[in-house]
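Notes follow the structure.
2 protein chains.
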Amino acid sequence: MNFPSLSDIRAAHARIQPFIHRTPVMTSTAIDQIAGCQLFFKCENFQKVGAFKARGAANAVMKLTPSEREKGVATHSSGNHAAALARAATVAGIPSYIVMPSNAPEIKKKAVKGYGGEIIECEPNLQARESTLEAVVARTGATFIPPYDFLDVVEGQATCPLEFLEDQSDLDILMAPVGGGGLLGGTALTAHYLNPQIEVIAGEPVGADDAYRSFHAGYIIPQTGPMTIADGLLTSLGTINFALIQAHVRDILLATDPQIIEAMRLVYERMKIIIEPSCAVPLAALLANKERFAGKKVGIILSGGNVDLGKLPF
Amino acid sequence: MNFPSLSDIRAAHARIQPFIHRTPVMTSTAIDQIAGCQLFFKCENFQKVGAFKARGAANAVMKLTPSEREKGVATHSSGNHAAALARAATVAGIPSYIVMPSNAPEIKKKAVKGYGGEIIECEPNLQARESTLEAVVARTGATFIPPYDFLDVVEGQATCPLEFLEDQSDLDILMAPVGGGGLLGGTALTAHYLNPQIEVIAGEPVGADDAYRSFHAGYIIPQTGPMTIADGLLTSLGTINFALIQAHVRDILLATDPQIIEAMRLVYERMKIIIEPSCAVPLAALLANKERFAGKKVGIILSGGNVDLGKLPF
Numbered sequence: 038m039n040f041p042s043l044s045d046i047r048a049a050h051a052r053i054q055p056f057i058h059r060t061p062v063m064t065s066t067a068i069d070q071i072a073g074c075q076l077f078f079k080c081e082n083f084q085k086v087g088a089f090k091a092r093g094a095a096n097a098v099m100k101l102t103p104s105e106r107e108k109g110v111a112t113h114s115s116g117n118h119a120a121a122l123a124r125a126a127t128v129a130g131i132p133s134y135i136v137m138p139s140n141a142p143e144i145k146k147k148a149v150k151g152y153g154g155e156i157i158e159c160e161p162n163l164q165a166r167e168s169t170l171e172a173v174v175a176r177t178g179a180t181f182i183p184p185y186d187f188l189d190v191v192e193g194q195a196t197c198p199l200e201f202l203e204d205q206s207d208l209d210i211l212m213a214p215v216g217g218g219g220l221l222g223g224t225a226l227t228a229h230y231l232n233p234q235i236e237v238i239a240g241e242p243v244g245a246d247d248a249y250r251s252f253h254a255g256y257i258i259p260q261t262g263p264m265t266i267a268d269g270l271l272t273s274l275g276t277i278n279f280a281l282i283q284a285h286v287r288d289i290l291l292a293t294d295p296q297i298i299e300a301m302r303l304v305y306e307r308m309k310i311i312i313e314p315s316c317a318v319p320l321a322a323l324l325a326n327k328e329r330f331a332g333k334k335v336g337i338i339l340s341g342g343n344v345d346l347g348k349l350p351f
Numbered sequence: 038m039n040f041p042s043l044s045d046i047r048a049a050h051a052r053i054q055p056f057i058h059r060t061p062v063m064t065s066t067a068i069d070q071i072a073g074c075q076l077f078f079k080c081e082n083f084q085k086v087g088a089f090k091a092r093g094a095a096n097a098v099m100k101l102t103p104s105e106r107e108k109g110v111a112t113h114s115s116g117n118h119a120a121a122l123a124r125a126a127t128v129a130g131i132p133s134y135i136v137m138p139s140n141a142p143e144i145k146k147k148a149v150k151g152y153g154g155e156i157i158e159c160e161p162n163l164q165a166r167e168s169t170l171e172a173v174v175a176r177t178g179a180t181f182i183p184p185y186d187f188l189d190v191v192e193g194q195a196t197c198p199l200e201f202l203e204d205q206s207d208l209d210i211l212m213a214p215v216g217g218g219g220l221l222g223g224t225a226l227t228a229h230y231l232n233p234q235i236e237v238i239a240g241e242p243v244g245a246d247d248a249y250r251s252f253h254a255g256y257i258i259p260q261t262g263p264m265t266i267a268d269g270l271l272t273s274l275g276t277i278n279f280a281l282i283q284a285h286v287r288d289i290l291l292a293t294d295p296q297i298i299e300a301m302r303l304v305y306e307r308m309k310i311i312i313e314p315s316c317a318v319p320l321a322a323l324l325a326n327k328e329r330f331a332g333k334k335v336g337i338i339l340s341g342g343n344v345d346l347g348k349l350p351f
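Chains as they are written, first to last, in my numbering: chain A, 38 to 351; chain B, 38 to 351.
See below:
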């Protein structure tokens, strides 16, 4: 597979820079003491649309040809990618068509509409999502931008660790959550280019551990019946991302839902920032495996902050 | 009254700098659009102990003479000042005695103990707090550090707008909440020194509006029976602070509890940061008086982020 080169990733960063935040890196003495290592948090919860997904979506949209642009973009998603794609399209002045299940939370539909996306509802199952998307693409000629298993999206997510390692180059370990694997794949690739000594380690929920099982099996084992509070990590690993993970990820560590909630609470209380459950998974996995990180400099990508405040798990 | 000079405030900043965070200034396109002006938020919710109070307490402790230091410091408080003083004392290697009402929340007692303070419990009324404090001071010889009506504390709080105006010098308006008035007094003083064109405007809860009434009456009207979710702003205005407010504050604007909760929610949802209700009051007051701020550059001091996550008002 023809993965993006470091100069491709740098070019992507220059391409999307006007449309994204350079997010800050935060630290917490209190959490360092609890963890027994030195932590650096890259705050993508402060990113546009509240998640790193703004990067991949912006990169994919800005790489469209003029004739592709005219017809807009489409995807099926009920999560952060939907909002990110709608926003990127609006910023570029082109239409976006977002296929969402009819039972998607009102708050997520509102976000997509707020960013200027056109929502097409479908029955809440994968088959309906895919056939509805096909029909939308056939009708509009829009370009399908998949949420994670797509090189331009991975290249965009790879700009997040690029900024992170520019700001904090001396990390021993770099952690990200893994769902579809777009962020983790991009992170592994950038870290490999900039400093192959850095161990890239993923955090994954016990209740959606397809990446863990695939990583150890050596082939993709699809996710079936995931059960976890980390609702951004329910999807199966993408093939592009699996190849990157096999090549450049050192390990995948698991965390239970109570551990994820505890880590989330720790970040809220000690850092005074809002993160979504999926975002707490790497810290939870670290705290469940402290000895492995003892005394190290560990970077953690806080992936997003979109959470229903009325339904916090504490 | 002999208020701190600008060079006193700068000296205070140099004195406490090793013990506090230089907190970031954040912005939010989404909230700007809602407010109709350009907002800059100085994030003291990220300060040590989670509130600007770390500044005044550190300044007061670091200014003690060697013989005063030996005997430690004391105060009565159940809020952020208690934690801030305990921490400042521990950092300086001296004891701190914190008089707290017996019905203070367990979480606040835990914070004070966690920072190394010795808690002395008393009956939950002002008379008992004062007599217990007197007894503690008589027994230990500790120096009483009041929470706000005290020049060294005001001088410490004045370092917050000093940093803010260094980072963002072109503000038209600067806002802070007002309870006892330590932060507001310090803010008014620093703004006056650095740029007297800046309008300093306070936000105060309708349910604890003694500063508003005192400001318009021209003399201090003590707070009686305050009723507001902004539990950091229940106290009466201090005399030092009232003098500063009379001299250098342009106006005090009120906000109702529903407006405060709405502003708090806006900051959580759009900025992904955690603030306490008291901290949301200036933004709430601004949103209740939008026309006054239209098109201006407005700095808002986010005063603190210590909130019981299990009891959020949404």
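Where is the CB? At the ideal position from N, CA and C, for every residue including glycine.
The beta carbon of GLY244(B) sits closer than 7 Å to those of PRO263, MET264, THR265 and ASP294, all from its chain and outside the five residues before and after it, given in chain order. Within a 10 Å sphere around the beta-carbon of ALA284(B) sit fewer than 16 other beta-carbons, which makes this residue exposed. In the DSSP annotation of this structure, the continuous segment of the beta strand (DSSP E) that includes GLN75(A) starts and ends at 75 to 80. One thing to note: LEU339(B) has its Cβ no nearer than 7 Å to the Cβ of TYR305(A). The C-alpha of ASP186(B) lies about 46 Å from the C-alpha of ASP207(A). GLY332(B) sits exposed, since fewer than 16 C-beta atoms from the chains shown fall within 10 Å of its C-beta. In the displayed model, GLU192(A) falls within a helix according to three-state DSSP. Counting C-beta atoms within 10 angstroms of its own C-beta, ILE297(A) has 16 or more neighbours from the protein chains shown and is therefore classed as buried.
Close to PHE83(B), with beta-carbon spacing below 7 Å, are these residues of chain A in chain order: LYS309. Among the CB atoms of chain A, none fall inside 7 Å of the CB of LEU320(B).
Counting only runs of 4+ residues, the alpha helix (DSSP H) found wholly inside the segment 134 to 186 of chain B occupies 143 to 151 and 163 to 177, in chain order. Counting only runs of 4 or more residues that sit fully inside the segment 66 to 116 of chain A, the alpha helix (DSSP H) segments are 66 to 72, 90 to 99 and 103 to 108, in chain order. In the displayed model, LYS309(A) falls within coil according to three-state DSSP, outside both helix and strand. TYR305(B) belongs to the set of residues whose beta carbon lies under 7 Å from a beta carbon in chain A. Leaving aside the five residues that flank GLN260(B) on each side, the residues in its chain whose CB is nearer than 8 Å to its CB run, in chain order, ALA245, ASP247, LEU271, THR272, SER273 and LEU274. Within the same chain, PRO41, ASP45, ILE46, ALA49, GLY93, ASN96 and GLY223 come within 8 Å of GLU192(A) by CB-CB distance, once the 5 residues on both sides are set aside.
Within 10 angstroms of the beta-carbon of PRO242(A) lie 16 or more other beta-carbons, which makes it buried. Rounded to whole angstroms, LEU76(B) and LEU101(A) show a C-alpha spacing of 34 Å.
Under the 7 Å criterion on CB atoms, PHE351(B) is classed as interfacial with respect to chain A. Counting along the chain, the unbroken beta strand (DSSP E) around GLY336(B) starts and ends at 334 to 339.
By the neighbour-count criterion, in which a residue is buried when 16 or more other Cβ atoms sit within 10 angstroms of its Cβ, HIS113(B) is buried. Straight-line measurement puts the Cα of VAL110(B) at about 7 Å from the Cα of PRO132(B). Here LEU211(A) carries a strand assignment [DSSP, helix/strand/coil]. Annotated three-state conformation of VAL62(B) is strand, per DSSP.
DSSP, read as helix, strand or coil, puts GLY262(A) in coil. Rounded to whole angstroms, ASN278(A) and PRO184(A) show a C-alpha spacing of 12 Å. Between ILE289(B) and ALA239(B), the gap from beta carbon to beta carbon is short of 7 Å. Look at VAL128(B) here: in three-state DSSP terms it is helix. Annotation for VAL237(A): no alpha helix (DSSP H) segment contains it, though the beta strand (DSSP E) segment containing it runs 236 to 242. Against chain A, the CB of GLY151(B) has no partner CB under 7 Å away; the residue lies outside that interface. Residue-level contact by beta carbon fails for GLY109(A) and chain B, as no gap is shorter than 7 Å.
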